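To keep things clear, I will list the structure first and then write my remarks on it.
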Amino acid sequence: MQPVKYKPMEHAGSSGVDEMVLVTDPAPSVLSYRMQRLWLTPMFRALVRVALPAFAIAMLCWMFLSKVENRDYLNGLVLEAHGVVQNQPVHQLQTLTIEGASLLLKDEIRAQFGDLFPISAFELDFESMRGWIEDIASVEHATLITSVGGLLSVQIKEIKPEFMWRNVAGLHLVSSNGKLLRTVNQRSDFPHFPLIAGKGATDHLDEAQALIVTAAPISERLRGLVRIGERRWDLVLSDGQTIALPEDNAAQVLAQAIVMSVAQDLFERDILLIDFRNPRRPTLRLRPQALAGLKQVKSMISSEIAK
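Those letters in the sequence shown? Residues 808 to 1114, by the numbering used here.
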C-alpha cells in the first residue's frame, strides 16, 4: 500500500503552515488480494489443510519404513505387545469341561484337546475346534463358551444310539434313523442296546423296534434280530434258538408265536428253529441230537411192532 501525501493547507488567521499528514490507503496489495481470493477456494483450502499434511506424513512414514531395521523394530514392538496381552491371566484358559456328551465321547474330545491346557484364548482356533467336534458322527451340534476363571465349556447335543449293528466290518452303534455313529470293539461294552444284523437292517429300524417291544415277555432270552434277504426278520434267542418271521405283519405273528411257545414250553425243548414264515403252517426244526434221539426212538418202536 502506498502512503498518500496531502499538501498543507493554509487557514485564515493562521500564522503558519500545518504539518504534512500521511494517510494509509485501505486497499490491499495485488499479492495479498490474490492470496485472499485463492484461500476462499474450497479446493485450495482442502489441499492446504488435508492433502499437504497427509502427504508430508506419508513421506515421513515411507522414509522411516524404507529401512529394514526400522521395520524389524516395529514388528518386535507389535509381537511384544501381542504377547503381553495374550499372557494376561484373564485370557488364560485352565480347564476344559464337556457337557451333554456320553463318557465315550468325552474321552474322545479330551484325547484331542486335553493336552493343550493351560493355553491363552488367543491361541485357540475356536472355529476349527468346533468343526472338528461336529465332524464326529454322533455329534449333532457343539458350542464353545469361555467364562471367568479360565474355563472353556464345550456344550454338545449328542445323537443318542438306539441299536448296535453287526456287519462284516464289525460292531457299530446306530441312531434311530439308521445313522452310523461309531464303531465299538465288543458287544459287552454296550449290552443294553438291541443287537441287529444283516444287510439292510438299518433301513428297517421301525420294524425292528416294534418287534423288540412285542418280544418284551421273552426279553431275557432275546439276543438280537437278523435281517434275512433284505425282506424279513429272524429273532435269535439264547441257546441258538431262532424264530423265523414272515415279511408281512411280523409283529402280530411274533405275538402269536410267543403265546403259543410259552403255552407249550417250546423254548425249553431241543428246538433249533420255530418257523412262522407261513403263519398258517408253523413248523419246528429240532436240534441234531434231538433229531437223532427221535429217530432212535422211532426205530425202537418199529422194531417192537415188527416183533
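Each residue gets a CB set at the ideal place from its N, CA and C atoms; glycine is no exception.
Computed from a prediction, not measured in an experiment: that's the story for all the values here.
In whole angstroms, what is the alpha-carbon distance linking residue i and residue j?
i: Phe-997; j: Arg-1030; result: 13 Å
i: Glu-947; j: Glu-965; result: 6 Å
i: Leu-980; j: Ile-943; result: 13 Å
i: Val-891; j: Leu-884; result: 11 Å
i: Asn-882; j: Lys-874; result: 13 Å
i: Glu-1027; j: Glu-906; result: 34 Å
i: Arg-844; j: Leu-854; result: 15 Å
i: Ser-1045; j: Gln-919; result: 40 Å
i: Gln-1063; j: Leu-987; result: 33 Å
i: Val-811; j: Ala-865; result: Because Val-811 sits at a pLDDT of 49, beneath the cut-off of 50, its placement in the model cannot be relied upon, and the following sentence gives the value as read from the coordinates. The straight-line gap from Cα to Cα measures roughly 50 Å.
i: Ala-1097; j: Asp-1077; result: With a pLDDT of 49 at Ala-1097, under the threshold of 50, the modelled position of this residue cannot be trusted; read the value that follows with caution. Roughly 6 Å separates the two Cα atoms.
i: Ala-1070; j: Glu-969; result: 32 Å
i: Leu-859; j: Leu-872; result: 20 Å
i: Arg-937; j: Ala-949; result: 6 Å
i: Thr-902; j: Ile-940; result: 17 Å
i: Phe-1000; j: Arg-1038; result: 23 Å
i: Glu-876; j: Thr-990; result: 57 Å
i: Glu-1075; j: Ile-1035; result: 25 Å
i: Arg-973; j: Gln-895; result: 52 Å
i: Pro-1086; j: Trp-1040; result: 14 Å
i: Glu-1054; j: Thr-953; result: 54 Å
i: Arg-1092; j: Ile-1050; result: 11 Å
i: Trp-869; j: Phe-862; result: 10 Å
i: Gly-921; j: Thr-904; result: 10 Å
i: Lys-967; j: Arg-994; result: 17 Å
i: Arg-856; j: Leu-867; result: 17 Å
i: Thr-1090; j: Ile-1025; result: 20 Å
i: Leu-900; j: Pro-925; result: 5 Å
Does the beta carbon of residue i fall short of 7 Å from some heavy atom of the ligand GDP?
i: Glu-1027; result: With respect to the ligand GDP, the structure offers nothing, as it holds no ligand at all.
Measure the beta-carbon distance from residue i to residue j and round it to whole angstroms, keeping in mind my assumption that it falls under 8 Å.
i: Leu-958; j: Phe-933; result: Contact flag wrong, Cβ pair sits at about 14 Å.
i: Ile-916; j: Val-961; result: 7 Å
i: Ala-1057; j: Val-1033; result: At roughly 13 Å, the Cβ-Cβ gap does not stay under 8 Å, so Ala-1057 and Val-1033 are not in contact.
i: Leu-1042; j: Leu-1061; result: 7 Å
i: Ala-928; j: His-898; result: 5 Å
i: Thr-1009; j: Gly-977; result: Thr-1009 to Gly-977, Cβ: 14 Å. No contact.
i: Leu-1002; j: Ser-983; result: Not quite, the Cβ-Cβ distance comes to about 15 Å (not below 8 Å), so this is no contact.
i: Leu-912; j: Ser-935; result: That belief does not hold up - the Cβ atoms of Leu-912 and Ser-935 are roughly 19 Å apart, past 8 Å.
i: Gln-1048; j: Leu-1079; result: 7 Å
Look up residue i in the DSSP assignment and give the residues it is bridged to.
i: Arg-1030; result: Per DSSP, none; premise fails for Arg-1030.
i: Gly-977; result: Asn-974
i: Asp-1041; result: Val-1033 and Ala-1051
i: His-948; result: Lys-964
i: Glu-1121; result: No answer is possible for residue 1121: the residues shown for the chain start at 808 and end at 1114.
i: Leu-1002; result: Met-971
i: Ser-927; result: Gln-899
i: Thr-953; result: Leu-959
i: Ile-1081; result: Ile-1050 and Leu-1091
i: Val-991; result: Leu-978
Let me confirm a value: residue i is counted as buried when at least 16 other C-beta atoms fall within 10 Å, else exposed. Which label applies?
i: Ser-836; result: exposed
i: Leu-1018; result: buried
i: Leu-886; result: exposed
i: Ala-908; result: buried
i: Met-971; result: buried
i: Ala-1015; result: buried
i: Ala-1023; result: exposed
i: Phe-851; result: exposed
Complete runs of the beta strand (DSSP E) confined to the segment 841 to 878 [at least 3 residues]:
none
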